[in-house]
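In this note's numbering, the protein residues as written are 73 to 502.
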């Protein structure tokens with residue numbers, strides 16, 4: 073089935089079948105009807121992410137978001153979950169750098185319940201002291217486990233190096249020290265300052281007509297106002313490293329070393345992003361993890377896994393290559409990866425490599441839009457990065473228009489091995 077067929081059968085959302093309206097209080101609502109479904113998905117975000125975290129309270133936004141469901145002025149923790157369970161529904165929150173995201177799913181008849189609980193947990197949480205402490209214990213346990221994970225430690229150190237003194241370089245979930253320091257009063261204050269309708273986005277997809285969904289959102293949240301809601305602080309400019317940085321994190325008792333190496337990458341809204349993404353697919357994703365996976369894992373057998381990833385965010389991003397290796401193979405793996413990167417920036421990818429990558433990108437688009445959750449996630453991405461409601465209709469032509477020369481130009485702009493951060497975590501280096 074070609075993309076014209078997909079558009080005809082309304083599998084690809086567009087401006088003609090997606091409602092978008094911004095309410096007077098600042099909430100943007102997107103809704104799309106799926107007449108073949110019995111359920112509905114409600115996803116969204118608020119502008120209350122970890123970029124508001126004080127340096128001595130890292131993890132505060134995350135802690136606050138996870139505390140929202142622990143009790144409100146109307147219902148305690150158990151009552152909230154009993155209500156959801158009795159309806160077969162789900163609801164949850166999670167923090168990222170820029171936003172606090174939320175998601176939920178229910179039968180269409182229970183959409184008012186889902187929106188009512190969303191409004192209740194956002195507007196009137198009480199953060200019971202016993203629940204806060206119970207949640208803190210869970211968070212500290214998770215952080216202790218993370219601190220002994222070689223992949224997590226390598227990733228954290230890598231981000232700290234390429235994003236110095238920047239929210240992108242700080243752990244969203246904080247550290248054991250900062251989370252232990254956060255008080256219930258800190259959580260209350262964060263919620264009071266940062267939670268509000270300005271910059272909030274709600275996406276409703278499923279067995280509800282678009283106008284009906286909009287009316288339900290207005291009924292639940294249309295009267296929420298917060299004139300003094302905090303505005304996100306400006307982010308410092310991101311600059312490439314002036315020279316390569318090498319760091320190893322020693323973790324006793326480990327038998328594998330995890331390696332992360334790379335540099336800054338384009339933000340999601342950068343004109344460079346699509347060419348970089350297709351190039352990254354060739355370098356370290358397609359098939360058996362692209363060229364890097366083929367050489368490092370398949371041919372040389374040096375890594376348990378080896379791949380490349382492009383992470384594009386609002387204010388910038390990262391271009392990373394990762395591998396899990398036996399400690400004895402670390403230096404050889406680094407050398408092979410650098411050799412493949414230098415080859416990647418020396419000559420264009422082949423027409424066949426690009427054609428395969430383009431076909432993969434276009435072919436998997438409908439797979440991501442098969443479910444209500446997939447469509448909701450896609451619409452949320454459009455709004456977060458201001459891509460336009462017609463983005464997915466334009467997407468195949470955009471992908472096909474990328475040339476090998478464009479990929480080479482973008483790769484040379486970002487992938488400069490002499491400025492790479494190279495981080496490993498595992499046993500002591502010999």
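Cβ atoms here follow ideal geometry from the backbone N, Cα and C, with glycine treated the same way.
Mind listing, in chain order, the continuous beta strand (DSSP E) runs of no fewer than 3 residues lying wholly within the region 230-307?
273-278
To the nearest angstrom, how far is it from the Cα of residue 483 to the Cα of residue 251?
39 Å
Residue 334 beta carbon near the ligand ADP (any heavy atom closer than 7 Å):
Absence of the ligand ADP is noted for the structure shown, with no ligands found whatsoever.
Counting contacts by CB-CB distance shorter than 8 Å, is residue 146 in contact with chain C?
Looking for chain C here will not work: only one protein chain is present.
Among the residues of its own chain, which have a CB less than 6 Å from the CB of residue 352, if the five just before and after it don't count?
380, 382
My parser needs the beta strand (DSSP E) runs of 3 or more residues fully inside the region 92-123; what are they?
100-105, 111-118
Does the separation of the CB atoms of residue 162 and residue 204 fall below 8 Å?
no
Burial state of residue 470, where buried means 16 or more other Cβ atoms lie within 10 Å
exposed
How big is the Cα-Cα spacing for residue 308 and residue 237?
8 Å
Residue 97 beta carbon less than 8 Å from that of residue 291
no
Tell me where the alpha helix (DSSP H) around residue 414 begins and ends.
402-416
Own chain, CB closer than 8 Å to residue 126, minus 5 neighbours either side, in chain order
132
Can you look up residue 214 in the DSSP assignment and give me helix, strand or coil?
helix
Please give the ranges of any alpha helix (DSSP H) in the region 304-361, keeping only runs that are unbroken, at least 4 residues long and fully inside the region.
345-356
What did DSSP end up calling residue 174 once you bin it into helix, strand or coil?
strand
Taking the C-alpha atoms as reference points, what is the distance between residue 254 and residue 268?
22 Å
Using only CA atoms, which one of 248, 362, 287, 225 lies nearest to residue 215?
248
What residue range is occupied by the uninterrupted alpha helix (DSSP H) comprising residue 446?
444-456
Do you know whose CA, among 172, 273, 219, lies nearest residue 515's CA?
Because the chain spans 73 through 502 in this model, residue 515 falls outside it and cannot be assessed.
Span of the alpha helix (DSSP H) around residue 188:
183-195
Is it right to say residue 344 is buried, meaning 16 or more other beta carbons lie within 10 angstroms of its own, or is it exposed?
buried
Closest by CA to residue 427, which one among 225, 347, 341, 337?
347
Mapping DSSP to helix, strand and coil, what is residue 482?
helix
For residue 163, which beta-bridge partners are listed by DSSP?
176
Touching by the beta-carbon criterion (3+ pairs, under 8 Å), the region 278-292 and the region 453-467:
no
Tell me where the alpha helix (DSSP H) around residue 377 begins and ends.
First-last for residue 377: 375-384, but that is the beta strand (DSSP E), not the alpha helix (DSSP H).
What number of angstroms, rounded off, separates the C-alpha of residue 261 from the C-alpha of residue 304?
16 Å
Note the first and the last residue of the continuous alpha helix (DSSP H) segment covering residue 139.
132-139
Cut-off 8 Å between Cβ atoms - residues of its own chain near residue 503, not counting five sequence neighbours on either side
The structure shown does not extend to residue 503, since the chain spans only 73 to 502, so no value can be given for it.
Close beta carbons around residue 211, own chain, < 6 Å, minus the five adjacent residues each side:
251
Output the boundary residues of the beta strand (DSSP E) element that contains residue 396.
389-397
Chain-order list of residues whose beta-carbon lies under 7 Å from that of residue 239 (same chain, five-residue window excluded):
122, 123, 169, 307
Do residue 495 and residue 174 have their C-beta atoms closer together than 8 Å?
no
Closest to residue 326 by CA distance: which of 467, 235, 498 is it?
498
Under 8 Å: do the region 392-409 and the region 352-372 share three or more Cβ pairs, one atom per stretch?
yes
Whole-number beta carbon distance between residue 141 and residue 193, since they are thought to touch under 8 Å:
6 Å
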